[in-house]
Every structure is written in C-alpha cells, then in structure tokens.
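Undergrad: Note that the numbering used here gives residue 51 to position 48 of the sequence shown, counting from 1, and the numbers run on in steps of one.
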Amino acid sequence: MIKKLFHKFLNFHLSILILLIAFLSIKILFMFKSEFWISFLSDLISIPIVILVVKKFIGFQNKRKFTQIQLLTGFIILEIIFILFSETSLYFLGPTLKSLKSLIIKPTLFIGIISGFFSVVYIFFISIILSILTILFFSRQKTTIKNYYVITIVYFILSSLGANFEKYYDILWIKYTFGTLTIAFFIVLTYLNKWVVYLKRKEKLKVIGLCNILLVIIIFAMIKSGSKEQLEELISLFSSSIVTAYNLIFGMALIYSIVLLILTIFQLPATEVIEKKTFEIESLQNLSQMISKVLDIDELTSFIIQTISKMSNSNYVWLCLYDEKDICSFYSRNNNQKVEIDNIKDKIIQNVAPTSGINIIDLDSLDTELNTNTDISKILYIPLVYGNNLLGYIFLGFDKSTQLEMEDFNTLKSIGEYAVVAVQNSRLLQKSIEKERLEKELEVAREIQRKLLPNESPKIPELDIASMFIPAFEVGGDYFDFFQTKEDEFSFVIADVSGKGISAAFYMAEVKGIFESLSKIIFSPKEILIQANKILCKSLDKKSFVSAVFATINLKSGIFKIARGGHCPIIIMKDKAIKHLRPSGIALGFNCSNLFEDNLEEISFKLNPNDLLILYTDGVTEARNKNLEEFGTDRLNEILRKYSHLTSEQILQNVIKDISVFSQEFPQHDDITMIAIKYSGVKDDRILFKNQNHR
C-alpha cells in the first residue's frame with residue numbers, strides 16, 4: 004500500500020517536473036527566436052501541467068472532504084497571498100521592470116529566467132483557482148453539468164492559445180471570441196451551481212460574507228492592475244497565453260462571486276422554510292429509529308418533547324401517558340414546566356376529547372390560571388390513540404399572538420402518530436423483556452427443582468416404590484425424597500413450599516438440606532418436623548410456609564410411622580378399602596411458638612403385605628377441566644381401586660393418564676407430585692437401600 008502511494012506521488016511529481024523542464028527549456032532556449040510555432044508548442048505543454056495539478060487537488064479534496072465554505076475561505080486566502088506576492092515582486096523588481104521595454108528588444112538569459120519563474124507561479128495560481136471552481140461546480144450536483152464544464156474548459160484553452168495569434172499575426176477574433184464564449188458558459192455553470200441550496204441559514208450568511216470579501220479583494224486587484232502591467236509584460240515575453248489565462252480566471256472568479264452572492268441572497272428567505280421542513284423530516288426519521296432503539300420511557304418522552312418543542316417553536320410541551328390504572332403521568336422538559344402544568348392538569352384532562360383529533364383549549368375558559376407569569380393563553384392537545392386504546396396526550400402551550408397553519412397541524416399529527424407507535428413499542432418491549440426475564444428465572448427454578456428431586460426411585464425388596472413429578476409451566480415448590488435412616492428402616496418425605504418461581508425453588512433447596520441433615524440424627528417423624536419448623540421459622544418470610552409429611556417404615560416389622568404438617572392426607576389402601584390419614588399438624592414456618600409442637604401428631608400402625616401407600620401434593624386433586632371442576636379425591640380413590648392390583652409404577656401412570664384426560668382443555672397450574680409404595684413383607688435376600696439416586 005505504501006509502495007503504491009509512493010509510486011503515485013513520485014509519478015505525479017516526475018510528470019510535473021518533466022513538463023515544466025520541457026516548457027521552460029523551449030521558452031528559454033528559443034526566446035531569442037520570435038516564431039509562432041515555438042511559442043504555440045510550448046504553450047500546449049503547459050496545458051497538461053494545469054490538468055495534472057487540478058486532478059491532484061481534486062484527489063486531495065476527496066480525501067480531506069473540505070466543505071464549500073472552507074473552499075471559499077481557501078479561495079480568499081489564495082487571492083490575498085497572490086496579491087501580496089505580486090505587490091512584493093513589483094517592489095523588488097521595480098528598477099528592472101522600468102527598463103523592460105529596452106530589454107524586450109534585446110532580452111537576456113536573466114530576463115528569461117525571471118519571466119519563466121513568474122510564468123510558473125501564474126500557472127500554479129491558475130491551476131489551483133480552477134481546481135477550487137471545479138470542486139464547487141460539482142458539489143451536491145444532481146443535474147449533469149459535465150458537458151457545460153468541458154465546453155467551458157475547451158473555450159478557456161482556445162482563448163488562451165489565441166493570444167499567440169494576436170501576438171504574431173494580429174488576429175484578435177480567436178482570443179476574444181472564445182474568451183466571450185468562456186465567460187458565457189461559465190455564467191451558465193455558476194447558475195447551475197446548486198450546493199448553496201442545501202446550506203443552513205447560518206451557513207448561507209457566511210457565504211454572503213465570504214462573497215463580499217472575495218469581491219472586495221478582486222476589485223482591489225483590478226484597481227491595482229495598472230501597476231501590474233509591467234509584470235504581465237514580463238510574463239508575456241515568456242508566454243502571452245498565460246497572461247490571457249490569468250485574466251480569464253480572474254474574470255471567472257469575479258463572475259462566480261457575483262452570481263453566487265445573488266443566488267444566496269435570493270434563496271435566503273426560503274431557507275427558514277426549507278430548514279423547518281428538513282428538520283421535520285429528520286425528526287420523523289429519528290423518531291422512527293427511536294421506536295426500535297429506546298426502551299426507557301423517560302428517555303423516549305424526553306426525545307419526543309424536545310422534538311415537538313423545536314418543530315412547533317413552543318417552549319411549553321407536556322406529555323401525558325396513562326398507566327394500567329388509568330392514572331395520567333405528566334412528563335416535561337424541566338421541573339418548572341411540571342409545576343406550571345400541575346396547577347391546571349386536572350382541568351385540562353376534564354376538557355379534552357379522547358378521539359377528536361388535534362384540538363385547542365382556551366385557558367380563559369377554565370377556572371384557573373398557570374402558577375407562573377407565562378404568556379400561555381391556549382393549549383393545543385394531540386390524543387395518542389393506539390387502536391381503540393387511549394395512551395395519553397401531547398400538550399403544547401402557545402400565546403395569543405401565535406397563529407397555527409393547517410400545515411403545522413398536519414406536522415403535529417404526524418409526530419403524534421409516530422409518538423403513539425414509539426410509546427406503545429417501548430411498553431411492549433419492556434413487557435417482552437420482563438417476560439423473558441421471568442422465563443429465565445423459571446428456567447433456573449426448574450433446573451434447581453430437577454436437581455433436588457430423586458432421579459429414580461430406590462430399589463428395596465420389601466417395598467415396591469414409584470414416584471412421579473410433572474412440573475407446571477410456573478414452577479412451584481413441590482419436593483420429595485427418600486432416606487435410609489437405619490439398617491432396617493426406610494424414610495421418605497413429601498412437601499410443598501408455598502409460592503411460585505425462583506423463590507419457591509430456593510426455599511425448596513433449603514427444605515431438602517434440612518430434611519437430609521435431620522434424617523441422619525433424628526428417627527422420629529414428629530421430632531424431625533418439630534426441628535425443621537424451628538429452622539424454617541428463622542429463614543422463611545412471613546408469607547411463606549411449607550406443608551410436609553415425613554414417614555418411616557421398619558422393613559422387618561412393617562411398622563409405619565407418620566407425621567403431617569398441614570399437608571394433603573395420606574392414602575392407605577388395605578384390601579380395596581381406602582383410608583385418608585389426617586394426623587393433626589399445621590404447616591412448617593406458619594407458627595413458631597409451642598402451638599406447632601402441641602398440635603403435631605405422630606401415628607403408627609403395622610403394614611400388611613400388598614398394602615398401598617399414596618402420598619401426593621395438591622396439584623393432583625386440584626387439577627381442573629374446562630368447566631373449572633377439580634379432579635378431587637373421589638376420582639383419585641376410584642382410580643386407585645381400579646388399578647390397585649398393578650405395580651406402583653403402573654398405578655401412578657394410570658393416575659396421571661386420567662388426570663391428563665380430565666384436564667386436557669385446561670392448562671396445568673400447579674406441579675403434580677405423587678409417591679406410591681406397596682409393602683410386600685420381609686424377605687431374607689433383601690438388599691438395603693443406599694441413598695445414591697440423586698443427580
């Protein structure tokens with residue numbers, strides 16, 4: 004990349020150097036021979052020099068991206084530098100130029116070198132001015148002006164070369180005809196120059212100022228042109244075409260300044276309207292972009308208020324948005340405006356029509372006034388209606404002298420429509436984000452719940468154990484677990500933490516830890532629940548509690564002990580006869596006094612072979628159908644009787660199947676958890692259960 008840039012740089016400078024050497028060599032070597040073809044040929048060589056400089060300057064502009072005002076400023080600076088250069092040269096070369104006429108008759112090599120130096124300076128001045136004009140011509144140009152530009156440049160070259168015909172053959176018409184055509188086409192080019200249309204008012208005022216400065220400089224240079232005749236004669240000794248080109252470019256600069264000044268002055272009155280329309284379009288575009296980008300309602304309302312304030316020239320803009328409770332919250336640019344609207348907002352809301360479009364309220368018709376010394380006499384309001392829902396209003400305050408046109412109403416209506424979409428979209432996005440947050444929270448809760456529950460039921464010869472857990476969409480706090488408490492004793496627990504979501508899942512994790520710890524050191528179901536209640540009383544919030552059943556089975560004797568803390572009854576089936584065991588007890592964490600211990604009951608009885616135990620949470624019996632009927636204990640009892648001859652796993656599968664059929668047209672609203680245990684009696688080849696079935 005660097006090599007390419009270096010080669011380009013080298014090629015440009017090498018080309019310029021070769022052309023300059025050729026131009027100067029021909030002029031200096033043959034300046035003592037006054038022949039037309041030598042002068043004409045050397046002037047032709049100067050044309051590619053100008054073209055190369057113009058192309059280089061345009062390439063530089065493409066990289067730096069100078070504005071039109073910066074280019075005009077550069078134009079002025081270049082003119083000033085050139086005038087200073089000319090005046091300084093005249094001052095130092097005064098004695099030499101006074102005897103110029105005698106030197107022209109018999110020129111010397113010294114005069115040739117001086118003449119060549121000034122000719123080169125003039126060539127570069129002409130090239131840079133032509134570059135600036137070229138860039139300005141093609142700035143923000145929608146219509147094609149390339150043909151006009153090419154014709155103008157061709158006439159410019161022909162007029163400059165025509166100076167040779169005047170010098171050697173006294174043929175004037177070539178120089179002046181093409182010079183006139185150059186000026187004529189240049190005027191057309193300048194008129195077609197449209198970049199000034201896109202400038203803002205302040206920028207146009209700057210252009211007017213710069214044009215005036217440029218005119219003053221050019222007029223000053225024209226006044227001083229008499230003193231520069233000797234300098235031009237010195238250059239014409241070297242090349243009369245350069246002098247002609249210089250005069251043409253000077254005239255073009257003068258014309259450009261005058262025409263640009265006139266165009267800018269005539270367009271100035273319409274600038275305010277154009278700027279207003281441009282701002283309206285940009286504001287609507289920005290507002291449409293804000294619809295998808297801004298989520299914060301405060302930031303959105305602030306942007307809407309600022310946009311409307313600038314578009315309407317009103318310093319008093321308020322935005323009222325209704326919440327879910329139909330309470331209108333007012334937003335303003337600052338606290339002072341909020342104070343001003345607070346005094347009359349209730350009256351305003353009473354006098355607005357929800358869907359009547361843009362309307363005006365006369366404050367004189369209200370029974371109150373603004374708190375401050377404002378000149379507001381009327382308030383325009385725009386209802387923000389989305390479908391059939393009224394989202395709120397936009398209010399604008401105006402004084403008596405303000406007269407709104409129909410065009411203003413249409414603009415404000417468009418702003419209102421965009422504001423409606425923006426506000427509604429912001430609310431929907433906020434709801435979507437909140438929903439996504441809740442879904443992630445639920446996913447975390449489900450994962451916690453999944454890891455806390457046994458992965459599979461324990462395998463014990465004396466017991467046929469099965470468990471079933473079906474989570475609802477909204478995670479609850481259902482929990483169950485199995486423990487090998489002694490060598491010949493098996494324990495299990497089922498519990499339901501109140502509440503939903505991640506908080507219930509975390510409480511469930513705490514409950515698991517409590518029961519796992521207590522089951523290793525305490526062997527009485529009642530005592531375990533008492534100690535668990537004491538621990539949970541310290542950690543649960545006031546609104547939370549845990550219902551639970553803890554039970555133990557002696558695998559040798561078949562003695563079954565159970566304690567219940569506010570949980571669903573335990574179902575025991577003996578020879579098709581069903582009993583619902585309801586030992587007394589209140590939920591854990593519900594009461595932290597002795598009331599819990601005093602009301603907690605532990606019962607025990609002996610299990611016989613084929614006795615069936617069913618423990619469940621309220622998600623089973625409270626499952627609903629489309630008529631909002633609950634599944635209930637009667638249906639559960641009927642299913643258990645029907646399938647009691649099957650294994651525990653098959654019994655639970657049939658229960659879940661019937662619940663699914665019953666509630667297929669109504670979504671599951673709570674977790675469904677069940678444990679089924681069939682006692683088969685003592686067997687000598689029994690393998691003790693080990694609690695290694697958790698994930």
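Using N, Cα and C, we set each Cβ at its ideal position, and we do this for glycine too.
In whole angstroms, what separates the C-alpha of N392 from that of E327?
TA: Along the sequence shown, read from residue 1 onward, the residue named residue 392 stands at position 389. Along the sequence shown, read from residue 1 onward, the residue named residue 327 stands at position 324. Using only the alpha carbons, I get a separation of about 11 Å.
Undergrad: In chain order, what residues of the same chain have a beta carbon less than 6 Å from the beta carbon of V56, not counting five sequence neighbours either side?
TA: Locating residue 56 in the sequence shown gives position 53, counting from the first residue. Within the same chain, V56 has close Cβ partners S130.
Undergrad: Could you check which residue in Q71, G480, K529, N167 has the C-alpha nearest to that of S42?
TA: Along the sequence shown, one-based indexing puts residue 42 at 39. Looking at the Cα atoms, N167 is the closest of the given residues.
Undergrad: Measure the alpha-carbon distance for S163 versus I190 and round it to whole angstroms.
TA: Working through the sequence shown from its first residue, we reach residue 163 at position 160. Working through the sequence shown from its first residue, we reach residue 190 at position 187. Using only the alpha carbons, I get a separation of about 18 Å.
Undergrad: Could you tell me how far apart the beta carbons of A475 and Q671 are, in whole angstroms, since I believe they sit closer than 8 Å?
TA: To locate residue 475, count along the sequence shown from 1; it is residue 472. To locate residue 671, count along the sequence shown from 1; it is residue 668. Confirmed, about 5 Å.
Undergrad: Which residue marks the beginning of the beta strand (DSSP E) containing A566, and which one marks its end?
TA: Along the sequence shown, one-based indexing puts residue 566 at 563. Here the beta strand (DSSP E) through A566 covers 562 to 568.
Undergrad: How is G502 classed by DSSP in three states: helix, strand or coil?
TA: Translated into the one-based positions of the sequence shown, residue 502 becomes position 499. Looking at G502 - three-state DSSP - the assignment turns out to be coil, as it is neither helix nor strand.
Undergrad: Using the three-state DSSP reduction, which class does F398 fall into: helix, strand or coil?
TA: Start at 1 with the first residue of the sequence shown, and residue 398 comes out as number 395. Reduced to three states, the DSSP call for F398 is strand.
Undergrad: Could you give the distance in angstroms between the alpha-carbon of S511 and the alpha-carbon of D481?
TA: For the purposes of this step, residue 511 is taken as the residue at position 508 of the sequence shown. For the purposes of this step, residue 481 is taken as the residue at position 478 of the sequence shown. The displayed chain sequence assigns Met, not Ser, to residue 511. Near 7 Å, if we compare the C-alpha coordinates of D481 and M511.
Undergrad: Beta-carbon within less than 7 Å of I678's beta-carbon, same chain only, minus the 5 sequence neighbours each way: which residues are those?
TA: What you label residue 678 is simply residue 675 of the sequence shown in a count that begins at 1. The residues are S470, F483, F495, I497, L618.
Undergrad: Who pairs with C323 in a beta bridge, going by DSSP?
TA: Sequence index remark: in the sequence shown, residue 323 carries index 320 (1-based). Partner(s): F333, Y396.
Undergrad: Apply the 10 Å Cβ neighbour rule to S596 and answer buried if 16 or more other Cβ atoms are within range, or exposed otherwise.
TA: Residue mapping note: residue 596 aligns to position 593 of the sequence shown, counting from 1. By the neighbour-count rule (16 or more Cβ atoms within 10 Å), S596 is not buried but exposed.
Undergrad: Using the C-alpha atoms, what's the distance from S317 back to K6?
TA: Stepping through the sequence shown from its first residue, residue 6 is reached at position 3. Stepping through the sequence shown from its first residue, residue 317 is reached at position 314. With a pLDDT of 44 at K6, under the threshold of 50, the predicted position of this residue should be treated as unreliable, and no value is reported.
Undergrad: Here's a check: name, in chain order, each residue in its chain whose Cβ is nearer than 8 Å to the Cβ of I221, leaving out the five neighbours to either side.
TA: Taking the sequence shown and counting its residues from 1, the one referred to as residue 221 is at position 218. Excluding residues within five positions, the ones whose Cβ falls inside 8 Å are E82, F253, A256, L257, S260.
Undergrad: Inspect the CB distances between the region 439 to 449 and the region 634 to 647 and report whether three or more fall short of 8 Å.
TA: In short, these stretches do not touch, since the Cβ pair count stays below three.
Undergrad: Can you tell which of F563, S647, A554, K577 has the C-alpha that lies nearest to the C-alpha of H570?
TA: Start at 1 with the first residue of the sequence shown, and residue 570 comes out as number 567. Of the candidates F563, S647, A554, K577, the one whose C-alpha sits nearest the C-alpha of H570 is A554.
Undergrad: For the alpha helix (DSSP H) that contains G165, what are its first and last residues?
TA: Here residue 165 refers to the residue found at position 162 when the sequence shown is read from its first residue. 149 to 172 is the extent of the alpha helix (DSSP H) around G165.
Undergrad: According to the Cβ coordinates, are D614 and Y682 closer than 9 Å?
TA: Here residue 614 is taken as the residue at index 611 of the sequence shown, counted from 1. Here residue 682 is taken as the residue at index 679 of the sequence shown, counted from 1. In contact: D614 and Y682 (Cβ atoms closer than 9 Å).
Undergrad: Buried or exposed for G516, please, with buried defined as at least 16 other CB atoms from any protein chain shown within 10 angstroms of its CB.
TA: Here residue 516 corresponds to residue number 513 of the sequence shown, with the count starting at 1. Per the 10 Å Cβ criterion, exposed.
Undergrad: What is the rounded straight-line gap between the Cα of N536 and the Cα of A508?
TA: Numbered from its first residue, the sequence shown carries residue 536 at position 533. Numbered from its first residue, the sequence shown carries residue 508 at position 505. Taking the straight line joining both Cα atoms gives about 18 Å.
Undergrad: According to DSSP, simplified to helix, strand and coil, what is N215?
TA: By one-based count along the sequence shown, residue 215 stands at place 212. Correct three-state label for N215: helix.
Undergrad: Within 10 angstroms of its Cβ, does I174 collect 16 or more other Cβ (buried), or is it exposed?
TA: For the purposes of this step, residue 174 is taken as the residue at position 171 of the sequence shown. With fewer than 16 Cβ atoms within 10 Å of its Cβ, I174 is classed as exposed.
Undergrad: I need the DSSP call for F593, collapsed to helix, strand or coil.
TA: The residue given as residue 593 occupies position 590 in the sequence shown. Coil, per DSSP.
Undergrad: Distance check for V424 and P386, CA to CA, integer angstroms please.
TA: Stepping through the sequence shown from its first residue, residue 386 is reached at position 383. Stepping through the sequence shown from its first residue, residue 424 is reached at position 421. So the two alpha carbons sit approximately 13 Å from each other.
Undergrad: Considering only C-alpha positions, which residue in the set I468, D673, I531, L616 is nearest to T488?
TA: Within the sequence shown, residue 488 is the residue found at index 485, counting from 1. Here the closest residue by C-alpha is I531.
Undergrad: So, for T137: in the same chain, excluding its five sequence neighbours on each side, which residues have a beta-carbon less than 7 Å away from its beta-carbon?
TA: Against the sequence shown, residue 137 aligns to sequence position 134. Correct list, in chain order: V57, I61.
Undergrad: Let's see if you can read the secondary structure: which residues bound the alpha helix (DSSP H) around G480?
TA: Counted from its first residue, the sequence shown places residue 480 at position 477. Premise fails: G480 lies in the beta strand (DSSP E), 480 to 489, not in any alpha helix (DSSP H).
Undergrad: To the nearest angstrom, how far is the alpha carbon of K170 from that of S243?
TA: What you label residue 170 is simply residue 167 of the sequence shown in a count that begins at 1. What you label residue 243 is simply residue 240 of the sequence shown in a count that begins at 1. Cα-Cα distance, rounded: 8 Å.
Undergrad: Relative to the C-alpha of F223, which residue among L87, T193, Q270 is closest?
TA: On the sequence shown, position 220 is the one that residue 223 refers to. When only C-alpha atoms are compared, the closest one is L87.
Undergrad: Note the first and the last residue of the continuous beta strand (DSSP E) segment covering I675.
TA: Counting from 1 along the sequence shown, the entry for residue 675 is found at position 672. 675 to 682 is the span of the beta strand (DSSP E), which, as asked, contains I675.
Undergrad: Mapping the DSSP letters down to three states, classify Y457 as helix, strand or coil.
TA: Taking the first residue of the sequence shown as 1, we reach residue 457 at position 454. It is worth fixing the name first, because residue 457 is Pro in this sequence and not Tyr. The answer is strand: DSSP assigns P457 an E or B state.
Undergrad: Excluding sequence positions up to five away, which residues of its chain have a Cβ less than 7 Å from the Cβ of I562?
TA: By one-based count along the sequence shown, residue 562 stands at place 559. Once the five neighbours on either side are set aside, the close Cβ partners of I562 are S607, K609.
Undergrad: Express the C-alpha separation of L264 and G212 in angstroms, rounding to a whole number.
TA: Counting from one through the sequence shown, the residue named residue 212 turns up at place 209. Counting from one through the sequence shown, the residue named residue 264 turns up at place 261. Approximately 9 Å, taken between the alpha carbons.
Undergrad: Could you tell me how far apart the beta carbons of A485 and P464 are, in whole angstroms, since I believe they sit closer than 8 Å?
TA: To locate residue 485, count along the sequence shown from 1; it is residue 482. To locate residue 464, count along the sequence shown from 1; it is residue 461. In the sequence as displayed, the identity of residue 485 is Phe instead of Ala. Not confirmed; about 15 Å, so no contact.
Undergrad: Are the beta-carbon atoms of I245 and Y125 separated by less than 9 Å?
TA: Position 242 of the sequence shown, counting from 1, holds the residue named residue 245. Position 122 of the sequence shown, counting from 1, holds the residue named residue 125. Yes, these two residues count as a Cβ contact at 9 Å.
Undergrad: Going by CA-CA distance only, name the one from C540, K280, S663 that's closest to L415.
TA: Sequence index remark: in the sequence shown, residue 415 carries index 412 (1-based). Answer by Cα proximity: K280.
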